[in-house]
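Engineer: Take this structure first; my questions come after.
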Amino acid sequence: MPSLGGFSISWLEMADIAVVAVIFYRLILLIKGTRALSVFTGLVLLLLIYYFSGELGLTTLHWLLAKFLDSIFLVVIILFQRDIRNALSQFGAGRLWRRAPESDQGFNVLTASVLSMAEKRIGALIVIEKNVPLGDLVARGVAVNADMSKELLMTIFHPDTPLHDGAVIVRNGHVIAAGCILPLAVGLRKRQHFGTRHRAAIGITQETDSVAVVVSEERGEISVAIGGRLTTALDEVRLKRVLQKAWSR
Numbered sequence: 001m002p003s004l005g006g007f008s009i010s011w012l013e014m015a016d017i018a019v020v021a022v023i024f025y026r027l028i029l030l031i032k033g034t035r036a037l038s039v040f041t042g043l044v045l046l047l048l049i050y051y052f053s054g055e056l057g058l059t060t061l062h063w064l065l066a067k068f069l070d071s072i073f074l075v076v077i078i079l080f081q082r083d084i085r086n087a088l089s090q091f092g093a094g095r096l097w098r099r100a101p102e103s104d105q106g107f108n109v110l111t112a113s114v115l116s117m118a119e120k121r122i123g124a125l126i127v128i129e130k131n132v133p134l135g136d137l138v139a140r141g142v143a144v145n146a147d148m149s150k151e152l153l154m155t156i157f158h159p160d161t162p163l164h165d166g167a168v169i170v171r172n173g174h175v176i177a178a179g180c181i182l183p184l185a186v187g188l189r190k191r192q193h194f195g196t197r198h199r200a201a202i203g204i205t206q207e208t209d210s211v212a213v214v215v216s217e218e219r220g221e222i223s224v225a226i227g228g229r230l231t232t233a234l235d236e237v238r239l240k241r242v243l244q245k246a247w248s249r
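Structure, rendered in C-alpha cells:
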C-alpha cells in the first residue's frame, strides 16, 4: 500500500482522487473563457472568506455567509441552468472528455471566405464553437449541417437571402446552423459605438469560449471577438495570426 506524507493510501483511494481531479479539470475547461469562470472564482473566494471568518471569530460575517451558502446549490442551478444542461448533454455524447480538433482545411476556408466577403462588403457574423456547446443557439436557428465552404458562406450572407442577418455557427469545420440570434454584449463603455453584429460577437464570447468573426457591411472591416474583447481593422496577416491562435486552442 503506497503512502503519501506518512499517510497510508490505497490504490482505490488514489483512483478516487484521480477521477475527481479529472472531473474538476474538465469542468474548469468547460467554463474557461466564459463569465461562468468569474462567478465560480467569486464563489471560491466566498468559501475562503467563510472559512477564515470562522477561524478569526468574525461572528456576524460568518453567520451571514453561512446563511448564503445554505442556499448556494439552488443559486448555482438557477444561474447556470443552461450551462448545466449543456454539460450534461456533452457528457451523454462523450464530448465533455474530448473535442475533435479543428482542421487546417476549415481554417483556410474560413479565412478565404472572410477576406472575400470583406472585399465585397458583405456583412457577416461567424461563430466558431469551442468547448462550450452552443446547442441552445443552434436550436433557435436554421439547421444546415454542411461542410463549410466559401460558396456556402457567401450564399448565406448575401444581402438578398433571409438568413444574412443572423449568425452562422461552425463546429469542427461544419456549418451547423445559420440565422442564429446571439446575446448582445453587456457593460460596453458609452464611447464604444458598435453595430448589432459586433455587439453580438462580443456578447457570445463573453458568455462562452467561442470565437466570433465579424465582417462590417459598411466598411468591409474584419473584426474578431475572443473572451469578450473585440480586435478590429484586421488585415489578412493579422486575421490569420489571430484566428490561427484561436483555432488551435
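Residue 11 in UniProt numbering sits at position 11 of the sequence shown, and the numbers go up by one each step. Cβ coordinates follow ideal geometry from the N, Cα and C atoms, glycine included. Just so it is clear, the structure is predicted and the values come from calculations on it, not from any experiment.
#1: Should VAL175 be labelled buried (16 or more other beta-carbon atoms within 10 Å of its own) or exposed?
#2: Can you give the Cα-Cα distance for THR59 and ASP16, rounded to whole angstroms?
#3: In three-state terms, what does DSSP make of LEU69?
#4: Based on the DSSP output, what are the partners of LEU163 in its beta bridges?
#5: Pull up the distance between the alpha-carbon of PRO159 and that of GLN105, whole angstroms please.
#6: Between the C-alpha atoms of GLU129 and SER210, what's the straight-line distance to the nearest angstrom?
#7: Using three-state DSSP, classify ARG191 as helix, strand or coil.
#8: Going by DSSP, what residues sit across from VAL170 in a beta bridge?
#9: Go through its chain and collect everything with a Cβ distance to SER113's Cβ below 7 Å, but skip five positions before and after it.
#10: With DSSP as the reference, please indicate the residues paired to ILE226 in a beta bridge.
Structural biologist: Inspection of the coordinates gives the following:
#1: buried
#2: Distance from the CA atom of THR59 to the CA atom of ASP16, rounded to whole angstroms, is 36 Å.
#3: helix
#4: Partner(s): none; LEU163 has no beta bridge.
#5: 26 Å
#6: 5 Å
#7: Here the model assigns ARG191 a pLDDT of 47, short of 50, so the residue's position is not dependable, and the following value carries that caveat. In the structure shown, the three-state DSSP call for ARG191 is coil.
#8: BP columns for VAL170 point to ILE128 and VAL175.
#9: LYS150, LEU153 and MET154
#10: VAL211 and ARG229
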